[in-house]
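Visitor: Sharing a structure below in structure tokens format, with a few things to ask.
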Amino acid sequence: MVLAMVILRLADWILYQLLANSCYKAARKMRSYGFFLKNPTPKSSQQQSVLFPNVIKCSLENRGSDTLVCDIDGGLLRTKSFFPYFMLVALEGGSIFRAFLLLLSCPIIWLLDYERKMRVMIFITFCGLRLKDMDIVGRAVLPKFYLENLHLQAYEVLSATGSKVVFTSVPTVMVQVFLKEYLEVDKIIGTELHTAGRYFTGLVSYSGLIVKQKALKDYFGDKKPDLGLGSSNIHDLPFISLCKEAYVVSNEDIKGFSSSVMTRDRYPKPLVFHDGRLAFLPTPKATAVMFIWLPFGLGISIFRILVGTVLPYKLAILLATWSGVDIRVKGVSPPNCSGPKKGVLYVCTHRTLLDPVFLSTSLAKPLTALTYSLSKMSELIAPIKTVRLTRERKQDGETMRRLLSEGDLVVCPEGTTCREPYLLRFSSLFAELADDIVPVAMNTRVSMFYGTTASGLKCLDPFFFLMNPKPSYHIEILEKLPREFTCAGGKSSFEVANHLQKKLAEALGFECTNLTRKDKYMILAGNDGVVNDKRKRHQH
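Residues -20 to -1, 1 to 520 in mature numbering (1 follows the signal peptide of the UniProt record, and there is no 0) are what the sequence shown lists, from first letter to last.
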């Protein structure tokens, strides 16, 4: 009888004490963390944050000799979770399978405390990842998303101070390029990752995750930094309380949420080049939508390619528009050739590999596209004739003269694509060969995937662009270049190229630059853009 009572009491304790308390704590954590990995903001921390004024109240005058400390997560960025940036590394530096695994881990991560959550995301994102791939993502992919989500008022305070030190529990390799090259931060103290040869193990180093308040004391000793920025998060309040002045960075407390948004004209330095396939910030919800869309997007992409390849122009445009492609064409009618043995040279801005295809379809006439390098896949599915140039000026000039005598040509004198509202320097070779030059301003918009890449597989570019739910192509055909602005009218080829660059930039509302194809590939891929054909990666 006594044994039975002991067993019953033990069962009661297990059911109503252990399990009930565990479930209750899990529910409290889910409520605290919220969905989509928002950082916890308990009532106690909200009450304590009242002690610190909002960052908008921080004076920017006479800060040149001050030392500022802050965190990029919750201090400099408007996003409430660092999960999207881990997802960018997992997808752009790793693979789609790694990204899917990170997405599946979300329900587990919601239930974990801050430290365990960071360790799980670090392990899934970095285990087996090459150091080289992380370097490319950190240099070419992440800065764009950091800039778009940079808190305007927090950045103004940061830029006004003389010395800047960032303490963060996120991996240093994810933020160091952006913080040093864009924000000119003097010192970064973040979580260091363990490596084995050329790969990350997914584990943090022996020092563990950075505890900001402890790291601050170790770095400054008894001296207090002049200024501290942080969120109302429970992890930030002890950190900023160690500063002489402390301010809370909050979106909700600012009248008009848009006032904290960093506009392009306020960027620390222009963002001309960036890489990666994703055109959106991959929050858990947005990433889930992407994975759901992928099979449908692939099917639609193949359908759109087949439509543009095998069907007549008018029917191709009709079905492409029906499938969601937004094609807008405006401008003058195509001009007649000035001579019986000369074709028209269409000079286009270069947004994607499909520029000549969309122009040919819109004009309803066959054109020949001049390219510097093209994957075999792109040549195979191209509905128009493509001819490769060699970058040897004399040989390319002869090729262009011969092709102009046979018909109309399309050339993109930038030599490579640019996603942002900038035009790269125009090559002047085209100006020496043609009498009839027609400028064409082309622009694209995407919502999910970019159709260009500097370090990925070029053969997939058309598929990625056409996988967008509603990709758009805006084409404006400008007036033919007057004779007095051509080489035949006495202008040099460089003057013609610069004039056309300026004219197209004005039509698009873009900015002219002196940057070239080589500059792009050195910045994004660490090479000059000439890659071995056997690897099937080409510049265009």
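All C-beta atoms in this analysis are idealised placements derived from N, C-alpha and C, irrespective of residue type, glycine included.
Output the distance between the C-alpha atoms of residue 576 and Ala120, rounded to the nearest integer angstrom.
Guide: Only positions -20 to 520 of the chain appear in the structure, and residue 576 is not among them; the question remains open.
Visitor: Please work out which residues of its chain come closer than 7 Å, Cβ to Cβ, to Leu495, disregarding the five sequence neighbours upstream and downstream, and give them in chain order.
Guide: Val252, Leu404, Arg405
Visitor: For His330, does the three-state DSSP call read helix, strand or coil?
Guide: coil
Visitor: Smallest Cα separation from Leu207: which of Pro250, Thr263, Asn231, Val145?
Guide: Val145
Visitor: Rounding to the nearest angstrom, what Cα-Cα distance links Arg246 and Arg43 in this structure?
Guide: 20 Å
Visitor: Between Arg331 and Thr397, is the Cβ-Cβ spacing less than 7 Å?
Guide: yes
Visitor: Less than 7 Å between CB atoms is the rule here; does Gly311 satisfy it with respect to chain D?
Guide: Going by chain labels, chain D is absent from the structure shown, which holds only one protein chain.
Visitor: For the segment 267 to 286 against the segment 410 to 426, do three or more pairs of beta-carbon atoms, one drawn from each stretch, fall closer than 8 Å, so that the two count as touching?
Guide: Contact between the segment 267 to 286 and the segment 410 to 426 is absent, because fewer than three Cβ pairs lie under 8 Å.
Visitor: Return the chain-ordered ranges of every beta strand (DSSP E) run that is complete within the segment 429 to 473 and spans a minimum of 3 residues.
Guide: 452 to 457
Visitor: Should Ala195 go down as buried or exposed, given a rule of 16 or more other Cβ atoms within 10 Å for buried?
Guide: That one is buried.
Visitor: Would you say the segment 267 to 286 touches the segment 444 to 455, given that touching needs at least three Cβ pairs under 8 Å?
Guide: yes
Visitor: To the nearest angstrom, how far is the alpha carbon of Cys439 from that of Lys374?
Guide: 29 Å
Visitor: Taking C-alpha atoms, which residue in Lys498, Leu183, Glu72 lies nearest to residue 521?
Guide: Residue 521 cannot be examined here, being either before or after the span of the chain that is shown, -20 to 520.
Visitor: Count the other C-beta atoms from every protein chain shown that fall within 10 angstroms of the C-beta of Val312, then say buried if there are 16 or more, exposed otherwise.
Guide: exposed
Visitor: Taking DSSP as the reference, what is the three-state secondary structure of Met242?
Guide: coil
Visitor: What is the residue span of the beta strand (DSSP E) that Cys50 lies within?
Guide: 47 to 50
Visitor: Excluding the 5 residues preceding and the 5 following Gly304 in the sequence, name in chain order all residues of the same chain whose CB lies nearer than 7 Å to its CB.
Guide: Pro449, Lys450
Visitor: Can you tell me which of Thr366, Gly323, Glu456 puts its alpha carbon nearest to the alpha carbon of Ile307?
Guide: Nearest C-alpha to Ile307: Glu456.
Visitor: Who pairs with Asp306 in a beta bridge, going by DSSP?
Guide: Ser452
Visitor: Tell me, please, which residues DSSP counts as bridged to Gly210.
Guide: Val228
Visitor: Please report how far the alpha carbon of Pro346 lies from the alpha carbon of Leu339, in whole angstroms.
Guide: Distance between the alpha carbons of Pro346 and Leu339 is about 10 Å.
Visitor: Would you call the segment 123 to 141 and the segment 56 to 64 in contact, with 3 or more CB pairs under 8 Å?
Guide: Yes, the segment 123 to 141 is in contact with the segment 56 to 64.
Visitor: Taking the alpha carbon of Val150 as the point to measure from, which residue in Val191, Glu225, Ala176 has its own alpha carbon closest?
Guide: Val191
Visitor: So is Ile76 buried or exposed if we call it buried at 16+ other beta carbons inside 10 Å?
Guide: exposed
Visitor: So what's Arg368 in DSSP terms, helix, strand or just coil?
Guide: strand
Visitor: Output the boundary residues of the beta strand (DSSP E) element that contains Leu183.
Guide: 179 to 184
Visitor: Given a threshold of 16 other Cβ atoms within 10 Å of its Cβ, counted over all protein chains shown, does Asp416 qualify as buried or as exposed?
Guide: buried
Visitor: Going by C-alpha to C-alpha distance, which of Ile116, Ser143, Gly142 sits closest to Gly155?
Guide: A small fix is needed here, since residue 155 is Val in this sequence, not Gly. For the residues Ile116, Ser143, Gly142, the minimum Cα distance to Val155 belongs to Ile116.
Visitor: Taking Leu389 as the reference, which of Val418, Val229, Tyr402, Pro363 has the closest Cα?
Guide: Val418
Visitor: Please confirm whether Phe180 and Phe106 have their CB atoms less than 7 Å apart.
Guide: yes
Visitor: Looking at C-alpha atoms only, which residue of Leu384, Ile168, Leu173, Thr141 is the closest neighbour of Ser45?
Guide: Comparing Cα-Cα distances from Ser45 to each of Leu384, Ile168, Leu173, Thr141, the minimum goes to Thr141.
Visitor: Just mark Arg78 as buried or exposed, buried being the case when its beta carbon has 16 or more other beta carbons within 10 Å.
Guide: Counting Cβ neighbours within 10 Å, Arg78 comes out buried, since at least 16 surround it.
Visitor: DSSP beta-bridge partners for Val153?
Guide: Answer is none; Val153 lacks a bridge partner.
Visitor: Express the C-alpha separation of Lys249 and Phe125 in angstroms, rounding to a whole number.
Guide: 14 Å
Visitor: How far does the alpha helix (DSSP H) with Val290 in it reach, from first residue to last?
Guide: 264 to 290
Visitor: Thinking C-beta only, is Ala349 closer than 7 Å to Ile364?
Guide: yes
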